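**Student:** First residue of the sequence shown: 0, per numbering that gives the first Met the number 0; consecutive thereafter. For each residue, glycine too, the CB sits at the ideal point set by N, CA and C. None of these values were measured; they are calculated from a predicted model.
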Amino acid sequence: MSLAYDVLYFALHPNHLGMVIQWKLRRGPIHERDENHESATAKVCFELLDETGRSFSSVVKELHPELLLPVCVFYLILRGLDTIEDDTSMPLETKEPLLRDFKDYLEQDSWTFTGNRPEEKDRQLLVQFDNVIAEFRNLKPVYQAIIKDITDEMGNGMADFARNAAFGDAGVNTVEEYDLYCWYVASIVNKGLTHLFIKAKLENLELALSCSFEMVLNALGHASDCLSYLVGLREQSVFNFCAIPQSMAMATLELCFRNPAVFEGNIKSTKGDAFQLMVESSQDLERVCKVFRRYIHRIQQKNDPKDPNFLKISIACEQIERFAEAQAPQSVELAKSKTRGRLWSPVRGEFSIRPGSMQEFGPLLDKQELKGWKLAPNSYFAG
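1. Using the Cα positions of PHE73 and LEU105, report the straight-line distance between them to the nearest angstrom.
2. Mind checking ASN189: buried by the 16 CB within 10 Å criterion, or exposed?
3. Look at ARG32 and LEU67 and say whether their C-beta atoms are less than 8 Å apart.
4. Contact between the region 196 to 209 and the region 171 to 185 is defined here as three or more beta-carbon pairs at a separation below 8 Å; is this criterion met?
5. Tell me, to the nearest whole angstrom, how far the beta carbon of LEU389 is from that of CYS44; I am working on the premise that it is less than 8 Å.
6. What does the alpha-carbon distance come out to for the pair GLN275 and VAL237?
7. Name the two residues that bound the continuous alpha helix (DSSP H) containing MET89.
8. Could you check where the alpha helix (DSSP H) with SER227 kicks off and where it finishes?
9. For PHE196, collect the residues of the same chain with a Cβ closer than 8 Å to its Cβ; drop the 5 residues on either side in sequence, then sort them by chain order.
10. Hey, how far is the Cα of GLN300 from the Cα of VAL290?
11. DSSP on ARG78, reduced to helix/strand/coil?
12. Over the uninterrupted alpha helix (DSSP H) stretch that includes HIS446, give me the two end residues.
13. Can you give the Cα-Cα distance for GLN127 and THR111, rounded to whole angstroms?
14. Figure out for me which residue from MET249, ASP283 and LEU226 has the closest Cα to the Cα of MET214.
15. Which stretch, first to last residue, makes up the alpha helix (DSSP H) that contains HIS30?
16. I need the DSSP call for GLU106, collapsed to helix, strand or coil.
17. With a threshold of 8 Å on Cβ separation, who are the neighbours of ASP86 within its own chain once the five nearest residues in sequence on each side are excluded?
18. Can you give the Cα-Cα distance for ALA41 and LEU7, rounded to whole angstroms?
19. If distances are taken between C-alpha atoms only, which option among ILE312, PHE135, LYS200 and ARG286 comes closest to PHE262?
20. Pick out the complete beta strand (DSSP E) segments inside the region 95 to 173, 3 residues or longer, and give them in chain order.
21. For GLU34, tell me which candidate among GLU61, HIS15 and GLY52 has the shortest Cα-Cα distance.
22. Taking the beta carbon of THR173 as the centre, do at least 16 other beta carbons fall within 10 Å, making it buried, or is it exposed?
23. Determine the direct distance from the alpha carbon of HIS30 to that of ILE223, and round the result to whole angstroms.
24. Rounded to a whole number of angstroms, what is the C-alpha to C-alpha distance between LEU80 and PRO64?
25. Can you find the residues in the same chain that come closer than 6 Å, C-beta to C-beta, to ILE243, ignoring five residues on each side of it along the sequence?
26. Where does PRO69 land, buried or exposed, given buried means 16+ other C-beta within 10 angstroms?
27. For the alpha helix (DSSP H) that GLY52 lies in, which residues bound it at each end?
28. Rounded to whole angstroms, what is the Cα-Cα separation between ASP49 and ASN130?
29. Measuring only the C-alpha atoms, how far is PHE9 from GLU46?
30. Considering only the beta carbon of each residue, do ILE83 and ASP108 sit closer than 8 Å?
31. Less than 8 Å between the C-beta atoms of LEU252 and ILE298, yes or no?
32. If I measure Cβ to Cβ from ASP121 and keep anything under 7 Å in the same chain, skipping five residues before and after, which residues do I get?
33. Looking only at its own chain, which residues have a Cβ that is under 7 Å from the Cβ of ALA323, when we skip the five neighbours before and after it?
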């Protein structure tokens, strides 16, 4: 029936059909909803949003990811409140406490309501309201506080007018009363949305994220120097002392990269990851290089082609990758050598080889990564 009606309508209004096609095909969403990372209860919430507010649903789904679920949940909670107020079959002794206490039901994990008349339009929303509550409880506390405050104000305003109507007073006799009623049942939503928009700090967040990308990029530029320094450390306890913090730093860079949570509180590696890094980084340079490469790969996977620094970060990661690959086999060759003496670099420090080993180490010095190294055959280390 609906399809036949649509066909007839657009046949009589072809210009409207053109607008529909233009909206559907020519306009790309600013932000796309990612269903792959949604919980089961979030999926139910978006289904309920489609059923209860079709025109509102499309614009909600294009909101910035930071606001997507908060606004969806906010809408559904107030729509649930509105469904109770709209049910004229419900007696005041049932309706009034529901409206005034609705904010408290948001703290009850499994709360649902089946008391609406069967023909009530959005009855199903309240039947499945436990899904909305689950997502409400997962929101940031600042968003929960805003939503709960608006729910309380709207619910009590609705209850006041419902009580007046039940006792013979229409409740809306003047323009001022009409404006007040409209405020409680509709306009107050904008107050809540404004508070959500302000607390989301999206403008500042975008600038902050951009700044953090620059900081990560700057730090990546020093990673090769860290590995260069570790090359010259032969004593194991000194190597551990220097290598473990550098591996931790690389893990922290990966954790901070493209992560808005860095602006909301302290973020750090899990205890399990920290111990793994300590074990891996207290063995030899080859293992440390593997750690660096592992986190570089993760940064590359998170790198977004849309970001202005995408290419710079890709190049920085590739440089670290190549440098780590070059250092690992080199460290094995040098460790296996039985020579003693000194191989010196003005940048990378010193380590020992025996005089007369030029023939053995000559090929290593030809590597691009070792340009600038010199043999000092007259220098010795004891033992």
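**Tutor:** Once the coordinates are examined:
1. 11 Å
2. exposed
3. yes
4. no
5. No statement about residue 389 is possible, as the shown extent of the chain runs from 0 to 382 and does not include it.
6. 19 Å
7. Where MET89 is concerned, there is no enclosing alpha helix (DSSP H), given that its DSSP letter is neither H nor E.
8. 222 to 230
9. LEU66
10. 16 Å
11. helix
12. Residue 446 is absent from the model: the chain starts at 0 and stops at 382.
13. 6 Å
14. MET249
15. Run containing HIS30: none; DSSP gives neither H nor E here.
16. coil
17. LYS94, ASN115, ARG116 and GLU119
18. 36 Å
19. LYS200
20. none
21. GLU61
22. exposed
23. The identity of residue 223 in the sequence shown is Ser, whereas the question assumes Ile. SER223 and HIS30: Cα-Cα distance of roughly 37 Å.
24. 25 Å
25. MET277 and SER280
26. buried
27. It is not in any alpha helix (DSSP H) - GLY52 carries neither H nor E in the DSSP assignment.
28. 15 Å
29. 27 Å
30. no
31. yes
32. THR51, ARG78 and THR82
33. LEU226, CYS288, PHE291 and ARG292
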